[in-house]
Amino acid sequence: MTQAAPFTEVWRGPFLESVHSGHAVICDASGEIVQAWGDPTRVILPRSSSKMIQALPLLTSGAADAYRLTTEQLALSCASHQGAAIHTDRVGTWLETLGFADDDFRCGPQDPADKDAHEGLIRAHETPCQIHNNCSGKHAGFLTLTQHLKAGPEYVEPDHPLQRACLEAFETVTQETSPGYGIDGCSAPNYACTLHGMARAMAHFAAAPDGSAEARLHQAMRLHPELVAGETRACTELMRAMDGKVALKTGAEGFFIAILPEQKLGIALKAACGTTRAAECAIAALLVKLGVLDANHPATLKRLNAPIKNWRGIETGILKPAAGLL
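See below:
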């Protein structure tokens, strides 16, 4: 089995203190591997990086058009958001339009990562609701499709018509039969595939013609980067840095994907250690390598060749990509 390749180095002064390794694949529109690091055949769980695939049935079923979903709602259906007002206000309005309430979600309550929202709940002596869950946009999309299908309320069950549609979409775009699933943080099944399969799926999205379900989803993500994640987050900041030309999506445990429509390329990567900083550095390095991200943009420099400072603000080291990744 091919070993994980060095991804990210952590230097303290002149000493190489730590090395994060992982696996990465770049695919073209035909699904062929353009370049790979580590093991392209590694079976992975893409976690939230697969949200745009889970959103495909929302469009292919006709539900998105039947309910006249906006590009903002399509972006939220692919989001892992901060739980800021910009996110929860929109998801709340979406729920009301459907005639649903917070109790109809099956994602579970989550403390919002957004500082203002978090402190607002504390000041109001309130506890987080399911709408604050980072996946509530995806679940609003799930509820929309559930209503459209006239299916039962337990939409996260693997045998529910919605999840069967998600599995069909997943296997179609990855061009693989999934070996199984794990239950995600939001309680929905998260289907496994190879890293090559995930990169192939992202290249499929990148090459999809205008007007297709795939194109509508990645266009919505690129149009509304602030809804896909939130302020200070890598997905939002790096999409802005590339002027919305590339769609990015992170996933738990060090996963990241990129959809490059102009180049018709797809990227999927997994930090073997599951570390966010390793995955963010690696995806930034590959985007710089492909010429779509400015190496000197402030959003890039937060993650690529990023200075490490101690509590007194003294620069003690640097976080940078491994040479082999460049």
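Residues in the sequence shown are numbered consecutively from 37, following my numbering.
We put the beta carbon where it would ideally sit given N, CA and C, even for glycine.
If I'm right that residue i touches residue j with Cβ under 8 Å, what's the distance once you round it to whole angstroms?
{"i": "T129", "j": "P145", "result": "19 Å between Cβ atoms; not a contact."}
{"i": "A283", "j": "M275", "result": "7 Å"}
{"i": "L253", "j": "L112", "result": "Not a contact, Cβ separation roughly 11 Å."}
{"i": "I344", "j": "M238", "result": "That belief does not hold up - the Cβ atoms of I344 and M238 are roughly 31 Å apart, past 8 Å."}
{"i": "S116", "j": "C165", "result": "The Cβ separation is near 17 Å, so there is no contact."}
{"i": "P215", "j": "A228", "result": "5 Å"}
{"i": "G290", "j": "A315", "result": "4 Å"}
{"i": "H168", "j": "D147", "result": "7 Å"}
{"i": "Q71", "j": "R269", "result": "Their Cβ separation, rounded to whole angstroms, is 27 Å, which puts Q71 and R269 out of contact at 8 Å."}
{"i": "A358", "j": "F43", "result": "6 Å"}
{"i": "T96", "j": "A249", "result": "5 Å"}
{"i": "G67", "j": "R236", "result": "4 Å"}
{"i": "L337", "j": "I319", "result": "Not quite, the Cβ-Cβ distance comes to about 14 Å (not below 8 Å), so this is no contact."}
{"i": "E108", "j": "L323", "result": "About 25 Å; that fails the 8 Å criterion."}
{"i": "S85", "j": "F241", "result": "Their Cβ separation, rounded to whole angstroms, is 12 Å, which puts S85 and F241 out of contact at 8 Å."}
{"i": "G360", "j": "A100", "result": "So it is not a contact: roughly 42 Å between Cβ atoms."}
State the DSSP-derived secondary structure class of residue i, mapped to helix, strand or coil.
{"i": "L261", "result": "It is Pro, not Leu, that sits at residue 261 in the sequence shown. P261: helix per DSSP, three-state reduction."}
{"i": "R48", "result": "strand"}
{"i": "G58", "result": "strand"}
{"i": "C143", "result": "coil"}
{"i": "L284", "result": "strand"}
{"i": "C271", "result": "helix"}
{"i": "T77", "result": "coil"}
{"i": "A228", "result": "coil"}
{"i": "C317", "result": "helix"}
{"i": "A176", "result": "helix"}
{"i": "A72", "result": "strand"}
{"i": "P334", "result": "helix"}
{"i": "A41", "result": "strand"}
{"i": "E250", "result": "helix"}
{"i": "E162", "result": "coil"}
In whole angstroms, what is the alpha-carbon distance linking residue i and residue j?
{"i": "A308", "j": "G135", "result": "43 Å"}
{"i": "A294", "j": "P225", "result": "22 Å"}
{"i": "P261", "j": "T272", "result": "5 Å"}
{"i": "R48", "j": "G310", "result": "21 Å"}
{"i": "I69", "j": "G156", "result": "47 Å"}
{"i": "P76", "j": "T124", "result": "37 Å"}
{"i": "L366", "j": "H56", "result": "The chain is shown only over 37 to 362; residue 366 falls outside these bounds and no answer can be derived."}
{"i": "G98", "j": "T180", "result": "11 Å"}
{"i": "M88", "j": "C114", "result": "5 Å"}
{"i": "L329", "j": "K186", "result": "44 Å"}
{"i": "D64", "j": "K300", "result": "6 Å"}
{"i": "M257", "j": "T106", "result": "12 Å"}
{"i": "A331", "j": "H161", "result": "44 Å"}
{"i": "A153", "j": "R142", "result": "21 Å"}
{"i": "P197", "j": "Q90", "result": "13 Å"}
{"i": "L94", "j": "Q183", "result": "11 Å"}
{"i": "G218", "j": "T230", "result": "14 Å"}
{"i": "A120", "j": "K151", "result": "8 Å"}
{"i": "T208", "j": "L92", "result": "11 Å"}
{"i": "L131", "j": "P334", "result": "37 Å"}
{"i": "A201", "j": "A251", "result": "19 Å"}
{"i": "A277", "j": "K325", "result": "15 Å"}
{"i": "I354", "j": "G74", "result": "24 Å"}
{"i": "P245", "j": "D279", "result": "20 Å"}
{"i": "T352", "j": "R159", "result": "37 Å"}
{"i": "C317", "j": "P82", "result": "18 Å"}
{"i": "A102", "j": "G177", "result": "13 Å"}
{"i": "E193", "j": "R78", "result": "26 Å"}
{"i": "K281", "j": "K174", "result": "23 Å"}
Kindly indicate the opening and closing residues of the alpha helix (DSSP H) around residue i.
{"i": "Q109", "result": "107-113"}
{"i": "E351", "result": "First-last for E351: 351-357, but that is the beta strand (DSSP E), not the alpha helix (DSSP H)."}
{"i": "C171", "result": "First-last for C171: undefined, no H or E at that position."}
{"i": "T96", "result": "92-96"}
{"i": "D152", "result": "151-159"}
{"i": "I167", "result": "No alpha helix (DSSP H) holds I167; DSSP gives it neither H nor E."}
{"i": "A361", "result": "In the sequence on display, residue 361 carries Leu and not Ala. Where L361 is concerned, there is no enclosing alpha helix (DSSP H), given that its DSSP letter is neither H nor E."}
{"i": "R10", "result": "With the chain running from 37 to 362 in the structure shown, residue 10 is simply not present."}
{"i": "D101", "result": "99-102"}
Starting from residue i and walking both ways along the beta strand (DSSP E), at which residues does that stretch end?
{"i": "F292", "result": "291-296"}
{"i": "L301", "result": "301-307"}
{"i": "A342", "result": "342-345"}
Going by the C-beta, is residue i closer than 7 Å to any heavy atom of the ligand FAD?
{"i": "L301", "result": "With respect to small molecules bound, the structure shown includes none, and the ligand FAD cannot be examined in it."}
For residue i, decide whether its Cβ has a neighbour in chain D, counting only Cβ atoms nearer than 8 Å.
{"i": "E289", "result": "In the structure shown, chain D cannot be found, because there is only a single protein chain."}
If you scan the segment 179-224 from start to end, which runs of the alpha helix (DSSP H) of 4 or more residues do you find wholly inside it? 197-210
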